[in-house]
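Visitor: Here it is: the structure, laid out below.
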Ligand code: SF4
Ligand SMILES: [Zn+2]
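As structure tokens, then:
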């Protein structure tokens, strides 16, 4: 994090990306602030989502060393967050979308004071250039009350809420990725958001460490088809990486885990195009920076990463279909050992093709 208010760090970055909702490229500013600690993380004393290093990181930057067993809220007061917000928006440069991420859920007051939540809505509503505000929330913390509060203040500005659902497969979602998200509750929250005119953004994960490349690809394709059938506005593919200081780093160093092949990501982009899924591929960077990210081989990585970046920017898949490299055969052998093909738009298939 490169900025700070009285020693408390925060960050903001600008990026252009294709928006499946507006169907053109938009400028997005992303503000990252150290919230008071993901409630879900704190309630489970850290035994959650193995890919997320943000809650302990925000605890560290706010509380300092020797607080590994501290699970009460470590939120700053509203004034700190307002100063971070003001500084991040002070250049008055126009952009279309503002994402405010706090490494947890935006709505619980123990993560971000309610007065700050309202402040964000009011300030965003004043800016005619900002068309869309995006925040994230764990499903339990998405309530009619909070959504209506946001919508009323935001007025004509769109509100998008992101949920880290990750996988339709119960075992992958709730055991491997430790999300503990109940499918029925998830679907109810989506319906609630759709009823209130809130745009729905869902993260889908590629390659839980317990899965082979073939299983991972198959279950991600199932998840995308399912989410598309629910009518969500955008599905963001989150590709596994290796966060520093985690068990996964130990597994990775021992050669027991490989982040997904870029070929698998290319396959997913192609399937999304064929089936008109509102897919965006998330960046491979994170806070704190990963130790390893998705890759193929040294001779094609740079070119293929460039093509994926081009897709992020334009949604163009023309060049993607003709990509090749000698390493593709190795990937192909790994995924050919199982049926990767799926029949989309048919709910029965999701139940038949569970990963096990
Ligand atoms: S992924 Fe989301 S729910 Fe899980 S620990 Fe991180 S912030 Fe909390
Ligand atoms: Zn290669």
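Numbering (my numbering), first residue to last: 671 to 1026. Beta carbons: idealized from backbone N, C-alpha and C, even for Gly.
1. Residue 1029 lies in the beta strand (DSSP E); which residues open and close that run?
2. Near residue 960, what residues of its chain come up, given a Cβ to Cβ distance below 8 Å and the 5 sequence neighbours on each side ignored?
3. Taking 7 Å as the cut-off, is the C-beta of residue 997 nearer than that to any heavy atom in ligand 2?
4. Which of the three DSSP states is assigned to residue 996 in this structure?
5. Please classify residue 955: does DSSP put it in a helix, a strand, or coil?
6. Rounded C-beta distance between residue 874 and residue 837? I'm assuming under 8 Å.
7. Quick check: is any heavy atom of ligand 2 less than 7 Å from the C-beta of residue 934?
8. Output the boundary residues of the beta strand (DSSP E) element that contains residue 988.
9. Which same chain residues, not among the five before or five after residue 712, have their C-beta less than 6 Å away from its C-beta?
10. The alpha helix (DSSP H) with residue 772 in it runs from where to where?
11. Evaluate residue 968 with the Cβ neighbour count: other Cβ atoms within 10 Å of its Cβ, from every protein chain shown; 16 or more gives buried, anything less gives exposed.
12. Would you call the segment 894-908 and the segment 941-955 touching, i.e. three or more CB-CB distances under 8 Å?
13. With DSSP as the reference, identify every bridge partner of residue 680, one or two as the case may be.
14. Check residue 768 in the structure and name its three-state DSSP category.
15. Taking all protein chains shown into account, decide if residue 923 is buried (16 or more other Cβ within 10 angstroms of its Cβ) or exposed.
16. Please confirm whether residue 987 and residue 939 have their CB atoms less than 8 Å apart.
17. List the residues that DSSP assigns as beta-bridge partners of residue 828.
18. Within 10 angstroms of the Cβ of residue 843, are there 16 or more other Cβ atoms? Answer buried if so, exposed if not.
19. Given a cut-off of 8 Å, decide if residue 755 and residue 789 are closer than it, judged by their beta-carbon atoms.
20. Anyone know if the C-beta pair for residue 698 and residue 766 falls short of 8 Å?
21. Please state the DSSP three-state secondary structure of residue 685.
22. Which residues are close to ligand 1, meaning CB closer than 6 Å to any heavy atom, in chain order?
23. Based on DSSP bridge pairs, tell me the residues matched to residue 869.
24. Where do the ends of the alpha helix (DSSP H) carrying residue 934 lie?
25. If we count Cβ pairs, one from each stretch, closer than 8 Å, do we get three or more for the segment 698-707 versus the segment 673-685?
26. Taking its Cβ as the centre, do 16 or more other Cβ atoms sit within 10 Å of residue 1017, making it buried, or is it exposed?
27. What separation, rounded to the nearest whole angstrom, lies between the Cα atoms of residue 880 and residue 796?
28. Hey, could you find the ends of the alpha helix (DSSP H) residue 729 is sitting in?
29. Grouping DSSP H, G and I as helix and E and B as strand, with all else coil, what is residue 921?
30. When burial is assigned at 16 or more other CB atoms within 10 Å of the CB, is residue 1015 buried or exposed?
31. According to DSSP, is residue 963 part of a helix, a strand, or is it coil?
Guide: The answer reads as follows:
1. Here the chain covers residues 671 to 1026 and nothing more, so residue 1029 does not appear.
2. Translated into positions along the chain shown, residue 960 becomes position 290. Hits under 8 Å: 911, 912, 913, 914 and 954.
3. On the chain shown, residue 997 is found 327 positions in, with the first residue counted as 1. Yes, the beta carbon of residue 997 sits closer than 7 Å to at least one heavy atom of ligand 2.
4. Numbered from its first residue, the chain shown carries residue 996 at position 326. DSSP places residue 996 in coil when its eight states are reduced to three.
5. The residue labelled residue 955 in the question sits at position 285 within the chain shown. Three-state DSSP puts residue 955 in coil, outside helix and strand.
6. Here the question's residue 874 lines up with position 204 in the chain shown. Here the question's residue 837 lines up with position 167 in the chain shown. With a Cβ gap of about 7 Å, residue 874 and residue 837 count as contacting.
7. If you number the chain shown from 1, residue 934 lands on position 264. Residue 934 Cβ: outside cutoff for every heavy atom of ligand 2.
8. Position 318 of the chain shown holds residue 988. Unbroken run through residue 988: none, as it is neither H nor E.
9. Along the chain shown, read from residue 1 onward, the residue named residue 712 stands at position 42. Closer than 6 Å at Cβ, skipping near neighbours: 741.
10. Against the chain shown, residue 772 aligns to sequence position 102. Segment: none, residue 772 is in no alpha helix (DSSP H) and carries neither H nor E.
11. Locating residue 968 in the chain shown gives position 298, where the first residue counts as 1. So residue 968 counts as exposed.
12. yes
13. Residue mapping note: residue 680 aligns to position 10 of the chain shown, counting from 1. Residue 680 pairs with 673.
14. Residue mapping note: residue 768 aligns to position 98 of the chain shown, counting from 1. Three-state DSSP puts residue 768 in a strand.
15. Stepping through the chain shown from its first residue, residue 923 is reached at position 253. With fewer than 16 other Cβ atoms within 10 Å, it is exposed.
16. Looking up residue 987 in the chain shown gives position 317. Looking up residue 939 in the chain shown gives position 269. Yes, Cβ-Cβ distance for residue 987 and residue 939 is below 8 Å.
17. Stepping through the chain shown from its first residue, residue 828 is reached at position 158. Note: residue 828 sits in a beta bridge opposite 802.
18. Counting from 1 along the chain shown, the entry for residue 843 is found at position 173. When all chains shown are included, residue 843 counts as buried.
19. The sequence position of residue 789 within the chain shown is 119, counting from 1. The sequence position of residue 755 within the chain shown is 85, counting from 1. In contact: residue 789 and residue 755 (Cβ atoms closer than 8 Å).
20. As a working mapping, residue 698 is identified with position 28 in the chain shown. As a working mapping, residue 766 is identified with position 96 in the chain shown. A contact, by the Cβ cut-off of 8 Å.
21. Within the chain shown, residue 685 is the residue found at index 15, counting from 1. DSSP places residue 685 in strand when its eight states are reduced to three.
22. 708, 710, 711, 718, 719, 722, 724, 725, 773, 774, 808 and 834
23. For the purposes of this step, residue 869 is identified with residue 199 of the chain shown, where counting begins at 1. Answer is 830, bridged to residue 869.
24. Indexing the chain shown from 1 puts residue 934 at position 264. Unbroken alpha helix (DSSP H) run through residue 934: 932-945.
25. yes
26. The residue you call residue 1017 lines up with position 347 of the chain shown. Any answer about residue 1017 is weak, because its pLDDT of 38 lies below 50 and its placement is not dependable; what the coordinates show is given next. Flag for residue 1017 reads exposed.
27. In the chain shown, counting from the first residue as 1, residue 880 sits at position 210. In the chain shown, counting from the first residue as 1, residue 796 sits at position 126. Each residue's Cα considered, the two are about 47 Å apart.
28. Taking the chain shown and counting its residues from 1, one reaches residue 729 at position 59. First-last of the alpha helix (DSSP H) with residue 729: 724-733.
29. For the purposes of this step, residue 921 is identified with residue 251 of the chain shown, where counting begins at 1. Here residue 921 sits in helix by DSSP.
30. Looking up residue 1015 in the chain shown gives position 345. Here the model assigns residue 1015 a pLDDT of 34, short of 50, so the residue's position is not dependable and the matter cannot be decided.
31. What you label residue 963 is simply residue 293 of the chain shown in a count that begins at 1. Of the three classes helix, strand and coil, the one that applies to residue 963 here is coil, per DSSP.
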